[in-house]
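J.: Provided herewith is a single structure, encoded as C-alpha cells, for subsequent inquiry.
Numbering (this note's numbering), first residue to last: 82 to 706.
Quick look at the structure:
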C-alpha cells in the first residue's frame, strides 16, 4: 500500500531576480505546493535549507556573489540531503556539464510552463525518495491521477499506456481498460491545428533521451471518434531512484475555451484598432516610465498624425519630451503626471503662438487607463475658436451699437427737444412783443431763437456725420503721418494763435495707410479739444508725436491742460457725452474720432490724471515698406 500525502510539499525557492521569483512562487502555489522561503544567494540558500528543511529546492544556477547555485547545491547535499532542481536560462555547455556532475534531480530551462514544473517536481520527489512508495503504489498513483484537473496518461518503459485518469479518458475517447498496454501513439494522436498534418508523438524521444518535451501551441488532439480538440501538452520522463527511465507521463488540457476567448480577444482588438484609427479626434497613448518622470509613445492614430503632422512609426517608443518638448511649456506634461498619480481625468486647453500671435487652439482631455497607461484625446479647435471669437466680437459690437443707439434716441428725445422748446417758447414771447411793439425785446428774442436753431443744426450735423462713418468713406492711401499733422495744424492755426499755444511735432513720422480726410478730421478734433480744455494754464502746450510699444506704433496728441479723471476715460468717447456742460459743442466729437479710428481697425485710448494734462493715443495701419 502506498503512502498517501496528507501535507503539502514544502519548497524553497532560490532566485536572485525578484520578478522571476514572484512568478515562480505563483506557479508553485498554483500547482498545489507550499513555498516556505526564498533566497537570493548561495550562502543564504544553504542557511535556509538547513533552517527550514524543505522537501525540495528550486535553485537558479547563476546567483549573486562568488558562489553559484551549483556550489549551494553541493553544500545542501552534504548538510541536509534535500533534492534540488536546477533552473537556468543559460545554454553554456560547460556550466550544464558541471551542474550534471552534482547529480541534480532535474533541471528546467527557463521559461517553462506550470505543467513542466509539475512534472519535474513530481519526478524529483520520486527520485529523492521523499515518497519512495509512490512507484510501488498503483493505488496512490490512481488517486493522484483522479484528483488532477488536467488529463494525465502514464506509460511504461516501452511507451505503452499504463494508466489514464478520467479527464484523459473523456478527451481521448479511450477507456483505461481498452487503452492499457497499447502504444501511446495509438491512443494519443495529435495533428497540427493549422496545417492538419499529423505530429510525431515524442514518447520515443523521451524514453531515449529523458528530456521534457512541450509541443507547439497549435497542437490538436484527434479523439477516438474523430473530434478535434485544441490542447496544451507536456511530456516528461519517469525515472527510478537510480536515474533509469521507467516510463513517461503526459499531461494535457482542453484549451477550447481559451482558444475561443483568444479569438474573441483578437476580434475585439481588431475592432478596437479600426475604431481607434477611424476616430475623428486625435488620440495618443503613452507608457509611464520612471515613476511618471517620462511618458513613452505607445500608440498614435491617423487623426493624431494629421493634427501633429508626424507619422506613427516615427513616434512609437520615443519620449514625449524628445518629440514635443513644448509639452512642458504648455503645462501638459504636469497634467500627465497629475492624472497618472490621482487617476482623475483632466481637461487642458492650450494655445499655440507664432510671431507673438495666437496661431491655433487645441482641446486636450487626459485619462488614465486601468492598465496604468496615459491616453490623451485632443482636437484642433482653431477654426471653431476663431468662429466663436468672431461671434463674440460681433455680439460686443452689436451691444455697443445698441448702447449707442439708446444714447442717440435719448439725444433725439432730449437734446434736440431742448432747442425746440427754446424756439417754441421765445416764438410765443416774440408774438407778444410784436403785439406790444417792443422792438428791442423782439431783437433779443430772435437771438435766442437763432441760438436754438444753431444748436439743433450742430446736433443734427454731428449725428449725420457719425452715421456716415464706415458707410461713406474716401479710399485709403499711403500718406506720411507728418503731412496729416501739418494739414490739421493749418486748419486750427487761428485757435492755436489766439490761445497762445506752443506746438511741438515729432520728426520722421511713419507712413500710414488711411483715409486722408478722415484722419485730418481726427487730428483737428483732438487739437481743438486740447485747446478748449487748457483751463488756466499760463503756458499752454500741445505735443504731437508717436512711440513704439510691443512692436506697435502708437500716435498721440498730448497737452498740459486740466486733464481727465481716470473714471471718465471711457465715458468721454460715448455719443454726446460732455463732462462740462458749459463748453461749446455737442459732445459728439470724441465719439466721431473713436468711430473713425475703429473703421481703420485701430484702437484709441486716454492716458490722463485730473489736473495732469491729457494724452490721447491711437493706432493706425502702417503702410508696408
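We put the beta carbon where it would ideally sit given N, CA and C, even for glycine.
Around the C-beta of residue 88, are 16 or more other C-beta atoms found within 10 angstroms, so that it is buried, or is it exposed?
T.: Its Cβ having fewer than 16 others within 10 Å, residue 88 is exposed.
J.: What are the residues that DSSP puts in a beta bridge with residue 320?
T.: For residue 320, which the question treats as bridged, DSSP gives the partners 326.
J.: Along the chain, where does the alpha helix (DSSP H) that runs through residue 102 open and close?
T.: First-last of the alpha helix (DSSP H) with residue 102: 99-111.
J.: Using only alpha-carbon positions, find the residue among 377, 629, 305, 122 that is nearest to residue 456.
T.: Closest option to residue 456, Cα to Cα, is 377.
J.: Tell me the rounded alpha-carbon separation between residue 650 and residue 366.
T.: In a straight line, the C-alpha of residue 650 is about 53 Å away from that of residue 366.
J.: Just the Cα atoms here: how many angstroms apart are residue 417 and residue 371?
T.: Spanning the two alpha carbons is a distance of roughly 13 Å.
J.: Unbroken beta strand (DSSP E) runs of length 3 or more, entirely within the region 337-393: which are they?
T.: Runs of the beta strand (DSSP E) inside the region 337-393: 363-370, 375-381.
J.: May I ask which residues mark the beginning and end of the beta strand (DSSP E) holding residue 167?
T.: Where residue 167 is concerned, the enclosing beta strand (DSSP E) stretches over 165-169.
J.: Specify, as a first and last residue, the run of the alpha helix (DSSP H) that residue 423 falls within.
T.: From DSSP, the alpha helix (DSSP H) with residue 423 extends over 413-423.
J.: Starting from residue 641 and walking both ways along the alpha helix (DSSP H), at which residues does that stretch end?
T.: Neither: residue 641 is in no alpha helix (DSSP H) and is coded neither H nor E.
J.: What whole-angstrom Cβ distance do residue 123 and residue 152 have, given they're in contact under 8 Å?
T.: Yes, residue 123 and residue 152 are in contact; Cβ-Cβ is about 5 Å, under 8 Å.
J.: Span of the alpha helix (DSSP H) holding residue 143?
T.: Counting along the chain, residue 143 falls outside any alpha helix (DSSP H), and DSSP gives it neither H nor E.
J.: From what residue to what residue does the alpha helix (DSSP H) around residue 250 run?
T.: Taken as a continuous stretch (DSSP letters only), the alpha helix (DSSP H) holding residue 250 covers 247-253.
J.: In angstroms, rounded to a whole number, what distance separates the CA positions of residue 373 and residue 467?
T.: Spanning the two alpha carbons is a distance of roughly 35 Å.
J.: Using a Cβ-Cβ distance cut-off of 8 Å, determine whether residue 380 contacts chain D.
T.: In the displayed structure, chain D is absent; only one protein chain is listed.
J.: Which runs of the beta strand (DSSP E) fall wholly inside the region 579-609 and span at least 3 residues, in chain order?
T.: Those beta strand (DSSP E) runs which fall completely within the region 579-609 and span 3+ residues are 583-586, 592-595.
J.: In the DSSP assignment, find the unbroken alpha helix (DSSP H) run with residue 462 in it and report its ends.
T.: Premise fails: residue 462 is in no alpha helix (DSSP H) and is neither H nor E.
J.: Alpha carbon to alpha carbon, how far is residue 645 from residue 448? Give it in angstroms, no decimals.
T.: Their Cα atoms are separated by approximately 54 Å.
J.: If we ignore side chains and look at the alpha-carbon of each, how far apart do residue 261 and residue 346 end up?
T.: One C-alpha to the other measures close to 40 Å.
J.: State buried or exposed for residue 245, treating a residue as buried only when at least 16 other CB atoms are found within 10 Å of its CB.
T.: Looking at its Cβ environment, which holds 16 or more other Cβ atoms inside 10 Å, residue 245 is buried.
J.: Ordered along the chain, which non-local residues of its own chain (more than five positions away) have a Cβ less than 7 Å from that of residue 692?
T.: Cβ neighbours of residue 692 beyond the five flanking positions: 643, 644.
J.: Return yes when the Cβ of residue 287 is within less than 8 Å of the Cβ of residue 333, no when it is not.
T.: Against a cut-off of 8 Å, the Cβ pair of residue 287 and residue 333 comes out as no contact.
J.: Measuring only the C-alpha atoms, how far is residue 511 from residue 580?
T.: Cα to Cα, residue 511 sits roughly 38 Å from residue 580.
J.: Pick helix, strand or coil for residue 703, following the three-state DSSP scheme.
T.: It is a strand residue.
J.: Flag this pair as yes or no: are the beta carbons of residue 331 and residue 269 separated by less than 8 Å?
T.: Yes, the pair counts as a contact, with Cβ atoms nearer than the cut-off.
J.: Going by beta carbon distance, what residues of the same chain come within less than 6 Å of residue 255, once the five residues before and after it are set aside?
T.: So the qualifying residues of the chain are 268, 305.
J.: Check residue 436 in the structure and name its three-state DSSP category.
T.: Caution applies to residue 436, whose pLDDT of 47 falls short of 50 and renders its modelled position unreliable; the value that the coordinates give is listed next. Three-state result, residue 436: coil.
J.: Mind reading off the beta-carbon distance from residue 92 to residue 137? Whole number of angstroms is fine, and I expect it under 8 Å.
T.: Correct: roughly 5 Å between the Cβ atoms.
J.: Residues in the same chain with beta-carbon distance under 8 Å from residue 435, minus the five sequence neighbours each way, listed in chain order, please.
T.: Residue placement at residue 435 is poorly supported in this model, since its pLDDT is 48, which falls under 50; the coordinates still yield a value, given next. Closer than 8 Å at Cβ, skipping near neighbours: no residue.
J.: Please state whether the Cβ-Cβ distance between residue 413 and residue 445 is less than 8 Å.
T.: Yes, the Cβ-Cβ distance between residue 413 and residue 445 is below 8 Å.
J.: Considering only DSSP beta bridges, list what residue 446 is partnered with.
T.: For residue 446, which the question treats as bridged, DSSP gives the partners 428, 458.
J.: With residue 206 as the anchor, note down where its alpha helix (DSSP H) starts and where it stops.
T.: 195-209 is the span of the alpha helix (DSSP H), which, as asked, contains residue 206.
J.: Just to confirm the assignment, what range does the alpha helix (DSSP H) spanning residue 154 have?
T.: 150-160 is the extent of the alpha helix (DSSP H) around residue 154.
J.: Do residue 329 and residue 401 have their CB atoms nearer than 8 Å?
T.: No; because the gap between Cβ atoms is not below 8 Å, this pair is not in contact.
J.: Taking 6 Å as the limit between beta carbons, can you name the residues of its chain near residue 150, skipping five residues before and five after?
T.: Here the set comprises 140, 141, 142, 144.
J.: Could you check what DSSP says for residue 295 in three-state terms: helix, strand or coil?
T.: Strand, per DSSP.
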